[in-house]
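Working notes for the structure below.
In full-length UniProt numbering, the protein residues as written are 1 to 504.
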């Protein structure tokens, strides 16, 4: 069966579904409506969507096929007149399977007598006892199911647990990517021109601790002080890039309603249709990974002035630790630098690490986790790309905060643009497979506007100290200023001597 392209809209009392199915016989249409679930089958197309609210077929409903355009137009009546159906433009969310209903409660046991002296023990008592035990087991299973479902909810405020320092690793092949669901994509990485991969031939077998260690070593090996000093001393063009306004980022949201383009809708239609059973910790870490991905996307957008091209794939993938080293957040403050352990207490962000608070609209203090998650992105933006400036990285952080503040749809659009770049690259498409396909679905079905906007508000307040990067930026910049001051004094002395000689 072929899943057709479609789009949904609504009026006060009806929902309209336009399905593109050219060259079919309208008489073959099979339409089934069950509460929120709508399925339409017209050979060879089959569409099943789960609407945000219940609909029904009645006298106001209709189905009309336009052979000239190839569109099948369905009109269904809302069960609750006037109800607003949200997220009708998030096609991946509509295509997601309907969530199973919660398990019914345990069966009741009728008590025939509460006085044990009324009747003696009989064979029926044994059946009652067995029924009671079965009821208890079913009730326990129901409670466990509720805990699992509750753990899978989008709850950003979860208590942090310190991971075991030495987890037992038994499998030869390691999982990576979205929720550690993937493997095998880098089995022959040495035979491809993958210049992003920093793990070499061991990408499939490295544990997370080894990946992180290799990433830090690679960053330190590639760190070029002279390049950073040159960009710091002559930063006229970098300042121009920092001042440049991203056109689509500065648009007024209230000026016109947000609409996905036809290409974006087509891409969302092709996304995998999966259900993700994740814990709150998994969901939390995906938000942190999202920040690092948006940082790389906005860095390349700003430095190319929104002229993204296939060559941008290398830069964006390189800036994302989850891509280049298969090392996603969360990170700890003690693993952000390759400096000796004795030096680590002096490396920190300007926010206390003692707090375990999580992002929420009611928490005005920016959590340290946001800054810690961005430190590898800052480091890599100063080590690998063409323009290396701490001020430019700061501007990118502010841009990411603005994207998050705009909510779910703008975030999804950024992910789709990055996915489109990688999908058309003959090597780096693998990173779209192991991360972006699932992340685009997650952004529509699990990420919420409230959480994203709260993250954006707090990310805008985060301040990362240069000392947190472990690259001695402050010393290098101080050396440049001293050299510039010395040159300025020499020029002044030279001009003074020239003026004295001319006066004589």
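Where a beta carbon is used, it is the ideal one built from N, C-alpha and C, also for glycine. In this text the structure is predicted, and so the values were computed from the model without any measurement.
Using a threshold of 7 angstroms, is the CB atom of residue i nearer than that to any non-hydrogen atom of the ligand COA?
i	result
residue 250	The ligand COA is not among the ligands present in this structure, which contains no ligands whatsoever.
Taking DSSP's pairing of strands, which residues face residue i in a bridge?
i	result
residue 78	55
residue 72	19 and 65
residue 320	Answer by DSSP bridge pairing: none, since residue 320 is not bridged.
residue 9	16
residue 182	176
residue 2	45
Under DSSP, the beta strand (DSSP E) around residue i begins and ends at which residues?
i	result
residue 33	30–34
residue 50	45–50
Just to confirm the assignment, what range does the alpha helix (DSSP H) spanning residue i have?
i	result
residue 457	449–459
residue 301	280–303
residue 228	225–233
residue 37	First-last for residue 37: 37–42, but that is the beta strand (DSSP E), not the alpha helix (DSSP H).
residue 220	208–222
residue 505	No answer is possible for residue 505: it lies beyond the span of the chain, which begins at 1 and ends at 504.
residue 262	262–269
residue 418	408–423
residue 439	437–445
residue 311	Here residue 311 belongs to no alpha helix (DSSP H), and DSSP marks it neither H nor E.
residue 25	Where residue 25 is concerned, there is no enclosing alpha helix (DSSP H), given that its DSSP letter is neither H nor E.
residue 93	91–95
residue 276	It is not in any alpha helix (DSSP H) - residue 276 carries neither H nor E in the DSSP assignment.
residue 238	236–243
Excluding the 5 residues preceding and the 5 following residue i in the sequence, name in chain order all residues of the same chain whose CB lies nearer than 7 angstroms to its CB.
i	result
residue 244	302 and 305
residue 486	none
residue 225	476
residue 453	404, 405 and 407
residue 15	8, 51, 55, 76, 78 and 85
residue 229	476 and 480
residue 49	38, 94 and 95
residue 409	258
residue 437	271 and 272
residue 211	199, 325, 326 and 327
residue 242	391, 392 and 395
residue 466	390, 473 and 474
Cutting at 6 angstroms between CB atoms, please list the residues of its own chain near residue i, excluding the five before and the five after it.
i	result
residue 430	185
residue 456	401, 404 and 405
residue 1	46
residue 54	35, 36 and 79
residue 8	17 and 88
residue 159	Bear in mind that the predicted position of residue 159 carries a pLDDT of just 41, short of 50, making it unreliable; the figure below should be weighed with that in mind. Same-chain partners within the cutoff: there are none.
residue 328	289 and 322
residue 10	85
residue 428	313, 317 and 422
residue 57	33
residue 30	41
residue 72	19, 21 and 65
residue 183	173 and 175
residue 26	65
Can you round the beta-carbon distance between residue i and residue j to whole angstroms, since I take them to be within the 8 angstroms contact cut?
i	j	result
residue 204	residue 187	6 angstroms
residue 435	residue 178	5 angstroms
residue 265	residue 91	6 angstroms
residue 314	residue 189	Not really, about 15 angstroms apart at Cβ, beyond 8 angstroms.
residue 319	residue 458	Wrong, their Cβ atoms sit about 22 angstroms apart, outside the cutoff.
residue 13	residue 81	5 angstroms
residue 396	residue 419	That pair is no contact at about 20 angstroms.
Beta-carbon within less than 8 angstroms of residue i's beta-carbon, same chain only, minus the 5 sequence neighbours each way: which residues are those?
i	result
residue 227	388
residue 238	231, 387, 389, 391 and 392
residue 442	178, 276 and 286
Practice task
Take every Cβ of the segment 381–392, pair it with every Cβ of the segment 260–278, and state whether three or more of those distances are shorter than 8 angstroms.
Solution key: no
Handout entry: Stretch pair the segment 435–451 + the segment 204–217: three plus CB contacts closer than 8 angstroms
Key = no
Problem - Touch test, the segment 301–313 against the segment 324–334, Cβ-Cβ under 8 angstroms, three pairs minimum - result: no
Exercise for the section: Decide yes or no for the touch test of the segment 387–407 against the segment 458–471: beta carbon pairs closer than 8 angstroms, at least 3 of them. Expected result: yes
Exercise for the section: Specify whether the segment 231–248 and the segment 278–296 touch according to this definition: at least 3 beta carbon pairs, one from each stretch, less than 8 angstroms apart. Expected result: no
Practice task
Count the C-beta pairs between the segment 415–425 and the segment 470–480 that are closer than 8 angstroms, then say yes if the count reaches three, no if not.
Solution key: no
Exercise for the section: Evaluate contact between the segment 64–80 and the segment 409–420, counting only Cβ atoms and requiring at least three cross-stretch pairs below 8 angstroms. Expected result: no
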